[in-house]
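Peer 1: The following block contains the structure, expressed as structure tokens.
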Amino acid sequence: MKIVIAPDSFKGSLTAAQVCAAVASGIRRARSDAEIVCVPMADGGEGTVRSLIDGLGGEIVSCAAEDPLGRTIAANYGLTEGGTAVIEIAQASGLTLLAESERNPLVTSTYGAGQLILDALDRGAREFIIGIGGSATNDGGAGMAQALGCRLLDKRGKELPRGGGALEKLVRIDASEMDGRIRISRFTVACDVDNPLLGERGASKVFGPQKGATPEMTGRLDRGLAVLAGRLYGDLGKDIAEIPGAGAAGGLGAGCIAFLGANLIRGAELVIAAMGLAARLEGASFIITGEGRTDSQTMGGKTVYGVVNLAKKLGVPAVIISGSLADGAEKLLDCGAVRMYALMQNGVTLESAMQNGAALLEERSEYAVCEFIRGRGN
Numbered sequence: 002m003k004i005v006i007a008p009d010s011f012k013g014s015l016t017a018a019q020v021c022a023a024v025a026s027g028i029r030r031a032r033s034d035a036e037i038v039c040v041p042m043a044d045g046g047e048g049t050v051r052s053l054i055d056g057l058g059g060e061i062v063s064c065a066a067e068d069p070l071g072r073t074i075a076a077n078y079g080l081t082e083g084g085t086a087v088i089e090i091a092q093a094s095g096l097t098l099l100a101e102s103e104r105n106p107l108v109t110s111t112y113g114a115g116q117l118i119l120d121a122l123d124r125g126a127r128e129f130i131i132g133i134g135g136s137a138t139n140d141g142g143a144g145m146a147q148a149l150g151c152r153l154l155d156k157r158g159k160e161l162p163r164g165g166g167a168l169e170k171l172v173r174i175d176a177s178e179m180d181g182r183i184r185i186s187r188f189t190v191a192c193d194v195d196n197p198l199l200g201e202r203g204a205s206k207v208f209g210p211q212k213g214a215t216p217e218m219t220g221r222l223d224r225g226l227a228v229l230a231g232r233l234y235g236d237l238g239k240d241i242a243e244i245p246g247a248g249a250a251g252g253l254g255a256g257c258i259a260f261l262g263a264n265l266i267r268g269a270e271l272v273i274a275a276m277g278l279a280a281r282l283e284g285a286s287f288i289i290t291g292e293g294r295t296d297s298q299t300m301g302g303k304t305v306y307g308v309v310n311l312a313k314k315l316g317v318p319a320v321i322i323s324g325s326l327a328d329g330a331e332k333l334l335d336c337g338a339v340r341m342y343a344l345m346q347n348g349v350t351l352e353s354a355m356q357n358g359a360a361l362l363e364e365r366s367e368y369a370v371c372e373f374i375r376g377r378g379n
């Protein structure tokens, strides 16, 4: 019997690799001869670097980079054994790097994100997987481009200062000195929103307030991104304003498309492809997946939904073991899941589930395997 384990992390409790280890222990208690394949997963957000390095092999590396306000910090990213760089933009340009009083998208920049890319290029990476969630910025990727050698110029031919507020003064983009290695590299970006760059559903109006923007700021930021979009088209021939996902991460989605030639895809789909999950499911009796909380939001393209959907296409039964099951979780039964279990059942509290997650996962996994075997009759 071959059983594949492909969970997301249980945030605040267990990494995806730790979930795999606990579930594997439970499987062995139920079926000692089972062939177990562990595939730690993620959805392109926090934890993606760790999951891909755990699953594909490689190392976490550190480099000096600027935070959103230009202070030097040590930021981490991953390099797989195959030479793919796995970068979470939030490591250098994330909202959590700032105190609440420091949040101001007029001045915060993605320059540090560009430095992470540059460091990975220096280490030989030419394949990139980038998660852009959790940014503190609204500069359309302008800072990232500046770090990579692109010049954003005002009417006097001087380099723009960093931050979304400066973009209103942009009159020309000079990409002639941009790092040439970008053109021979491939960038795939995890993006789970479809917001355009501009307007009522755009980066500034929808996401700006989360980054500290006042109503007056959002109008100014939107105008700045409109100027950037105009120059990207006029100077680089990139028409990005209406592309779904261009507004993600304060317009960083647009910047990744225009400056890096990136493809935007859903995070779970990206990780599923990178981990080769479809091939690993060949010959599997069933698959176990899970996350901290399974609810209606899971159906929006999170890891568990992606795994269950793939398993259904391949004819592999899927079992879900999550920290908790809330309203909307039952919809996954219509998507191909055959059974669902929660750690928070039979009187188990949230605190207990967080503290004793590994032991509870072992118990639930052992029970799930036994039940599956009984149901199949062998």
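Per this note's numbering, the very first residue in the sequence shown carries number 2; after that it's consecutive.
Think of the CB as a built atom: it goes at the ideal place given N, C-alpha and C, for glycine as much as any other residue.
For Glu-363, I'd like the list of residues in its chain whose CB is within less than 8 Å of its CB, leaving aside the five on either flank, ordered along the chain.
Peer 2: Ala-23, Val-24, Ser-26, Gly-27 and Arg-30
Peer 1: For Ile-241, which three-state DSSP category applies?
Peer 2: coil
Peer 1: Just the C-alpha distance for Asn-347 and Arg-365, rounded to the nearest angstrom, thanks.
Peer 2: The alpha-carbon atoms of Asn-347 and Arg-365 are separated by roughly 12 Å.
Peer 1: Please report the straight-line C-alpha distance between Ile-4 and Ser-52, rounded to a whole angstrom.
Peer 2: 19 Å
Peer 1: If you measure between the beta carbons of Glu-372 and Arg-340, is that distance less than 8 Å?
Peer 2: yes
Peer 1: On the three-state DSSP scale, how would you describe Leu-278?
Peer 2: helix
Peer 1: Below 8 Å on the Cβ atoms is my guess for Ile-174 versus Arg-232; work out the distance and round it to an integer in Å.
Peer 2: 5 Å
Peer 1: Kindly indicate which residue of Ala-35, Lys-332, Gly-277 and Ile-90 has the alpha-carbon position closest to the one of Gly-144.
Peer 2: Ile-90
Peer 1: Span of the alpha helix (DSSP H) holding Glu-1?
Peer 2: Residue 1 lies beyond the residue range present for the chain, which begins at 2 and ends at 379; the question has no answer from this structure.
Peer 1: Around the C-beta of Gln-356, are 16 or more other C-beta atoms found within 10 angstroms, so that it is buried, or is it exposed?
Peer 2: exposed
Peer 1: Taking Arg-267 as the reference, give the member of Gly-246, Ala-343 and Lys-159 with the closest Cα.
Peer 2: Gly-246
Peer 1: Can you look up Cys-39 in the DSSP assignment and give me helix, strand or coil?
Peer 2: strand
Peer 1: In the DSSP assignment, find the unbroken beta strand (DSSP E) run with Leu-153 in it and report its ends.
Peer 2: 152 to 154
Peer 1: Return helix, strand or coil for Ala-343, following the three-state DSSP convention.
Peer 2: strand
Peer 1: Can you have a look at Pro-318 and say buried or exposed, based on whether 16 or more other CB atoms are within 10 angstroms of its CB?
Peer 2: buried
Peer 1: Excluding sequence positions up to five away, which residues of its chain have a Cβ less than 6 Å from the Cβ of Val-272?
Peer 2: Met-42 and Ala-43
Peer 1: Have a look at Gly-376 and Phe-287 and give me their C-alpha separation to the nearest angstrom.
Peer 2: The straight-line gap from Cα to Cα measures roughly 13 Å.
Peer 1: Can you give me the C-alpha to C-alpha distance between Ile-289 and Ser-63, rounded to a whole angstrom?
Peer 2: If you take the alpha carbons of Ile-289 and Ser-63, they lie about 33 Å apart.
Peer 1: On the DSSP letters alone, give me the boundaries of the alpha helix (DSSP H) that Phe-260 sits inside.
Peer 2: Segment 249 to 261, the alpha helix (DSSP H) holding Phe-260.
Peer 1: The alpha helix (DSSP H) spanning Ile-118 covers which residue range?
Peer 2: Under the DSSP assignment, Ile-118 falls in the alpha helix (DSSP H) whose first and last residues are 112 to 123.
Peer 1: What separation, rounded to the nearest whole angstrom, lies between the Cα atoms of Asp-55 and Gly-277?
Peer 2: 14 Å
Peer 1: Looking at the strands, I want to know which residues DSSP matches up with Glu-160.
Peer 2: Listed as beta-bridge partners of Glu-160 by DSSP are Leu-154.
Peer 1: Label Gln-147 either buried or exposed according to how many other C-beta atoms from any shown protein chain fall within 10 Å of its C-beta, with 16 as the threshold for buried.
Peer 2: buried
Peer 1: So, helix, strand or coil for Arg-184, using DSSP?
Peer 2: helix
Peer 1: Along the chain, where does the alpha helix (DSSP H) containing Thr-304 start, and where does it finish?
Peer 2: Looking at the DSSP string, the run of the alpha helix (DSSP H) that includes Thr-304 is 304 to 314.
Peer 1: Closer than 8 Å is the cut-off here; do at least three beta carbon pairs connect the region 95 to 109 with the region 156 to 165?
Peer 2: yes
Peer 1: Across which residues does DSSP place Ile-273 in a beta bridge pair?
Peer 2: None, per the DSSP bridge assignment.
Peer 1: Give the secondary structure of Ala-359 by DSSP, where H, G and I count as helix, E and B as strand, and everything else as coil.
Peer 2: helix
Peer 1: So, are the CB atoms of Ala-137 and Leu-96 less than 8 Å apart?
Peer 2: yes
Peer 1: By Cβ distance below 8 Å, which residues in the same chain neighbour Lys-156 in space, the five residues on each side in sequence not counted?
Peer 2: Lys-170 and Val-172
Peer 1: Can you say whether Ile-185 is buried or exposed, counting buried as having 16 or more other CB atoms within 10 angstroms of its CB?
Peer 2: exposed
Peer 1: Can you check which of these residues, Glu-128, Gln-19 and Lys-12, is closest to Ile-6 by C-alpha distance?
Peer 2: The shortest Cα separation from Ile-6 among Glu-128, Gln-19 and Lys-12 belongs to Gln-19.
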